[in-house]
């Protein structure tokens, strides 16, 4: 199985490898207990300073969240459409029985047996005709029926041989040629299928079914512009042929001409306003407009499709996705329930429903849908992994752990086992069972010693276990194997900061910002370190870099406040004015920001402006 995405608690499958397992990582571990704001110096006002410190502590809790608990792990939901490679089947795709007025008793009995699907007796009767001195027309009829029987049985080579024998008795028969072309097509011998169809069309050039079948064969061959030409010729003869209109629309989709596809889907629906083709066309149109984010039009066409067939689960599911995008969650849930109650057995749709329920945080329903696939009985590792993730999100860590454990039993010493061990380590880390977490991370690393994500997680577990030296070693290994990821280097710097080794922390943060100058968190912490060491000029430079990276987020707001606090300590009137301006900018981001308001109050107090 291929490597999986290394994002914490995501179940977004690799697009090229939908069966892949997912791993949770702790790559977004929270900064290590560092302060986000500078307290107002006590010499200005002891009561204000004390109150400000309390607020700062509260804000730290609000800002420094445990990113191991993400808000979403499902990724983007997708609509499900009918297979874009599946053409609409119609009369053109069916074998044609010979048109005959023969009164040959063997033919009459053979036909009766054929339609009763008593193929053995039918073949016996038709062979009697071929072996007799019956006219060539009767022999052609008998061989055509025998060829149709072989085709029904899936013995396409015998069907082809039999149709070729029939043509010897009746060379210019378009029905035999069509059946022969279908046998070639069923065998996936498309060149012979196409050449045979061209012979049939030469005989019966005004038959739209023959032209549609030729278009279908060209579609199978990937010759989409030629397929459109063949469908267009059929439509010249039969302008309202629903199959030709629908398949033309599908072919335009394959060529990327979406506007023409939409036009022909609408024509197909109009040609069959209450039938299956209209339902399929409306379903396609709904999926198309969903992809275009025109949710009003998507809702319109999906609703029309549902009106024609209320028991089709795909349209209910897709309409639910539309309601999700419009944030109409109750309606979305109702459609997902309708899809489920319509009888869903297809794996892709069941997985989609499970994902949709999970997006609505309906974890019990999400789990129940996946369990219908019987993943444990079928040893479906991808579904077992997804169930583990769902149980994790539900808060049932022990059940999640047991599901991952099953994977290590089913596929020991495999990539899947490595991912499962890593996830088991993360779960034990969440449960504060750090020694166990460390052991499972080591089992994952025994399978792939160079996996940087697991090494990083091992470092986090060592940190939680109170083993900082081993944590730093694991972070260094993670950085070595993935030098483009700043998180391991940042974790080392955070750990030094947390332990009070400010000089070491400062050195590490400087290294980080040199390599990743746009890493806002590192620039902010660097400013805090400079401030704590009394190097205010350097602190101001760092906070200004924070603002230059992004002037409108939480870090920028805190940087504005800290700049204001630093400058407010100056007796220089110009710097005092700059302090006020900086605090005002913080208030533009968050008008009720208590720290900025307190700092403004402190400045006013110092200037005796109460």
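Residue numbers (the working numbering): 2 to 611. By construction, the Cβ of each residue, glycine as well, lies at the ideal position given by its N, Cα and C atoms. Predicted, not measured: the structure shown is a model, and the values here were computed from it.
Let me make sure I understand the geometry here. Which of the options has the alpha-carbon closest to that of residue i?
i, options, result
"residue 296", "269, 325, 263, 275", "325"
"residue 314", "512, 285, 338, 246", "338"
"residue 612", "109, 147, 168", "Nothing can be reported for residue 612, as the shown portion of the chain is limited to 2 through 611."
"residue 422", "436, 301, 398, 455", "455"
"residue 544", "564, 530, 203", "564"
"residue 451", "426, 465, 484, 239", "484"
"residue 100", "448, 552, 558, 175", "175"
"residue 584", "574, 572, 559", "559"
"residue 416", "445, 437, 430, 398", "445"
"residue 603", "413, 580, 591", "580"
"residue 375", "365, 388, 364, 363", "388"
"residue 247", "166, 282, 102", "282"
"residue 557", "597, 578, 534, 577", "597"
"residue 146", "159, 115, 463", "115"
"residue 551", "525, 258, 529, 567", "525"
"residue 440", "166, 462, 453", "462"
"residue 520", "166, 536, 547", "547"
"residue 351", "340, 577, 320", "340"
"residue 220", "194, 534, 113", "194"
"residue 95", "107, 178, 268", "178"
"residue 412", "386, 372, 241", "386"
"residue 229", "258, 202, 465, 105", "258"
"residue 435", "575, 245, 468", "468"
"residue 363", "378, 396, 402, 343", "396"
Throw me the rounded Cβ distance for the residue i and residue j pair, which I believe falls under 8 Å.
i, j, result
"residue 532", "residue 523", "About 15 Å; that fails the 8 Å criterion."
"residue 212", "residue 231", "5 Å"
"residue 287", "residue 270", "Not really, about 11 Å apart at Cβ, beyond 8 Å."
"residue 489", "residue 457", "5 Å"
"residue 473", "residue 496", "6 Å"
"residue 530", "residue 505", "At roughly 11 Å, the Cβ-Cβ gap does not stay under 8 Å, so residue 530 and residue 505 are not in contact."
"residue 449", "residue 438", "About 17 Å; that fails the 8 Å criterion."
"residue 353", "residue 404", "Contact doesn't hold; Cβ gap of about 20 Å is too wide."
"residue 391", "residue 368", "5 Å"
Applying the criterion that 16 or more other CB atoms from any shown protein chain within 10 Å of the CB defines a buried residue, is residue i buried or exposed?
i, result
"residue 256", "exposed"
"residue 77", "Caution is warranted here: a pLDDT of 39 is assigned to residue 77, below 50, making its placement in the model unreliable, and no coordinate value can be reported."
"residue 273", "buried"
"residue 263", "buried"
"residue 601", "buried"
"residue 447", "exposed"
"residue 420", "buried"
"residue 394", "buried"
"residue 284", "buried"
"residue 433", "exposed"
"residue 518", "exposed"
"residue 277", "exposed"
"residue 32", "Any answer about residue 32 is weak, because its pLDDT of 35 lies below 50 and its placement is not dependable; what the coordinates show is given next. So residue 32 ends up on the buried side."
"residue 243", "buried"
"residue 356", "buried"
"residue 331", "exposed"
"residue 217", "buried"
"residue 293", "exposed"
"residue 606", "exposed"
"residue 152", "buried"
"residue 118", "exposed"
"residue 186", "buried"
"residue 323", "buried"
"residue 562", "buried"
"residue 571", "exposed"
"residue 593", "exposed"
"residue 291", "buried"
"residue 316", "buried"
For residue i, decide whether its Cβ has a neighbour in chain B, counting only Cβ atoms nearer than 9 Å.
i, result
"residue 532", "Looking at the structure shown, chain B is missing, and only one protein chain is on hand."
So does residue i have its beta carbon nearer than 8 Å to some heavy atom of the ligand GDP?
i, result
"residue 482", "In the structure on display, the ligand GDP does not appear, and there are no ligands present to speak of."
I'd like to know if the region 336-347 and the region 377-394 are in contact, where contact means that at least 3 CB-CB pairs between them fall below 8 Å.
Judged by Cβ distances under 8 Å, the region 336-347 makes no contact with the region 377-394, as fewer than three pairs qualify.
Touch check for the region 203-219 and the region 230-249: three-plus C-beta pairs under 8 Å?
yes
On the three-pair Cβ rule with 8 Å, is the region 164-181 touching the region 127-141?
yes
For the region 209-262, which segments carrying the alpha helix (DSSP H) assignment without a break, of at least 4 residues, lie completely within its bounds, in sequence order?
Taking only runs of at least 4 residues, the alpha helix (DSSP H) segments lying wholly in the region 209-262 are 209-221, 225-238, 243-256.
Pick out the complete beta strand (DSSP E) segments inside the region 585-610, 3 residues or longer, and give them in chain order.
Runs of the beta strand (DSSP E) spanning 3 or more residues and lying entirely within the region 585-610 do not occur at all.
Unbroken alpha helix (DSSP H) runs of length 4 or more, entirely within the region 111-174: which are they?
120-132, 137-154, 157-170
Complete runs of the alpha helix (DSSP H) confined to the region 285-322 [at least 4 residues]:
Segments of the alpha helix (DSSP H) lying fully in the region 285-322: 296-309.
Using 8 Å as the cut-off, can you tell me whether the region 457-471 makes contact with the region 418-434, which would need three or more C-beta pairs spanning the two stretches below that distance?
At 8 Å Cβ cutoff, the stretches touch.
What are the complete alpha helix (DSSP H) segments, minimum 4 residues, inside the region 415-440?
416-431
Count the C-beta pairs between the region 156-163 and the region 111-131 that are closer than 8 Å, then say yes if the count reaches three, no if not.
no
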